[in-house]
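Student: Residue numbers (the numbering used here): 16 to 394.
We put the CB at the ideal spot given by N, CA and C, even for glycine.
Small disclaimer: the values here were computed from a predicted structure and weren't measured.
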Ligand SMILES: *Cc1c(COP(=O)(O)O)cnc(C)c1O
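#1: Mind checking whether the beta-carbon of residue 75 lies closer than 7 angstroms to any heavy atom of ligand 1?
#2: Any idea what DSSP makes of residue 252, helix, strand or coil?
#3: Straight-line CA distance for residue 31 to residue 25?
#4: What is the DSSP secondary structure of residue 115, reduced to helix, strand or coil?
#5: What is the DSSP secondary structure of residue 17, counted as helix, strand or coil?
#6: Buried or exposed: which applies to residue 166, given that a residue is buried once 16 or more other Cβ atoms fall within 10 Å of its Cβ?
#7: Out of 273, 312 and 323, which has the shortest C-alpha to C-alpha gap to residue 289?
#8: Spatial neighbours of residue 154 within its chain, please: C-beta separation below 6 angstroms, excluding the five flanking residues on both sides.
#9: Could you give the residue range of the beta strand (DSSP E) that holds residue 79?
#10: For residue 250, verify whether its CB is less than 7 angstroms away from any heavy atom of ligand 3.
#11: If you measure from the CB of residue 61, is any heavy atom of ligand 1 nearer than 7 angstroms?
#12: If you run the structure through DSSP and keep just helix, strand and coil, what is residue 378?
#13: Mapping DSSP to helix, strand and coil, what is residue 170?
#14: Check the DSSP bridge columns for residue 181 and list the partner residues they point to.
#15: Closer than 7 angstroms: is that where the CB of residue 207 sits relative to any heavy atom of ligand 1?
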């Protein structure tokens with residue numbers, strides 16, 4: 016098949032020979048899991064974002080669950096969360112028996128609206144989970160002010176935002192706990208994987224124990240100290256990640272800045288091509304951020320027609336997201352349509368265009384050509 020005709024996915028991983036060698040080296044070593052490559056990857060991510068502690072886990076979802084556990088979220092606790100996200104951002108609250116309270120987003124960025132958060136606070140509110148949607152950091156200063164005023168914990172679901180920054184501060188340092196995902200469509204991958212980072216040693220300690228059944232030491236620590244004794248102090252899970260996954264992560268993170276730059280260049284090419292078109296517009300990018308562009312999201316009243324047209328031309332467009340409270344499971348819990356009208360209206364119009372570092376300018380041009388053919392077809 017000619018490259019021009021190949022299916023263009025909305026996102027995909029970039030793996031090179033150096034990555035493959037890093038994984039194979041670990042496969043030949045003594046430790047396949049909970050060994051030195053895990054510690055190294057945690058240190059690498061912490062050094063990159065400027066966080067004090069990192070706890071690598073089997074997924075971003077596991078890391079969100081660990082964050083809810085570490086913050087002591089339980090029955091009767093309310094946690095305010097955005098609906099414009101992957102379900103895991105809210106599911107983690109339910110895992111701990113807490114109640115998700117959906118607050119609406121801003122129409123131009125689809126980021127959690129601080130004004131809506133303020134209105135949603137009740138005497139039962141314990142925390143806020145905000146998502147750096149598409150890779151653009153939220154208004155963290157405004158969210159911090161609300162959290163401080165009401166004594167709430169602030170959690171960043173930064174699964175879209177590794178490498179992003181807000182007023183010169185990196186994603187990973189903007190909340191009490193920040194969570195990243197290393198799924199293949201995210202900025203760097205470990206196959207499956209995630210990490211929670213924090214400045215707080217006590218929170219890190221609780222998440223580290225939670226990752227391994229709530230047991231206070233790991234097998235490698237016990238081997239080093241020669242002691243057999245261990246205690247399970249909390250009900251934890253097996254949320255461990257392997258050393259060969261972490262070796263891949265450490266190899267990938269070396270390339271992260273180049274990839275973010277590439278994502279920004281491709282996003283700017285889309286911006287330029289869409290400029291002056293009324294029928295389809297990019298979301299607003301704020302001045303004070305370095306956008307990590309996990310997703311390039313545009314808004315159009317002709318979403319369904321454009322979606323079909325692009326897919327028919329081998330272009331892997333997508334919709335991020337069905338607002339969480341509209342999923343059948345959440346509807347079954349009693350959440351009603353109309354709860355977050357801004358997110359719900361956006362849901363009918365958003366379209367995610369392909370964006371990943373292995374794409375080239377001509378791939379962007381191919382997407383734009385198909386988009387504009389549709390425009391002309393309507394005249
Ligand atoms: C990817 C993602 C997650 C979950 O990450 P996994 O590693 O797939 O478990 C959570 N929140 C958001 C916003 C995500 O995009």
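Tutor: Put simply:
#1: True, at least one ligand heavy atom lies under 7 angstroms from that Cβ.
#2: It is coil, neither helix nor strand.
#3: Their backbone Cα atoms lie some 20 angstroms apart in a straight line.
#4: Three-state result, residue 115: strand.
#5: For residue 17, the predicted structure reports a pLDDT of 46, less than 50, and the residue's modelled location is therefore unreliable. A value from the coordinates is still provided. Three-state DSSP puts residue 17 in coil, outside helix and strand.
#6: By the 10 Å Cβ count, residue 166 comes out exposed.
#7: For residue 289, the nearest C-alpha among the options comes from 312.
#8: Result list for residue 154: 129, in chain order.
#9: Element bounds for residue 79: not the beta strand (DSSP E) but the alpha helix (DSSP H), 75-85.
#10: With respect to small molecules bound, the structure shown includes ligand 1 and not ligand 3.
#11: For ligand 1, no non-hydrogen atom lies closer than 7 angstroms to the CB of residue 61.
#12: Looking at residue 378 - three-state DSSP - the assignment turns out to be helix.
#13: Strand, per DSSP.
#14: 184 and 304.
#15: Indeed, a heavy atom of ligand 1 lies less than 7 angstroms from the Cβ.
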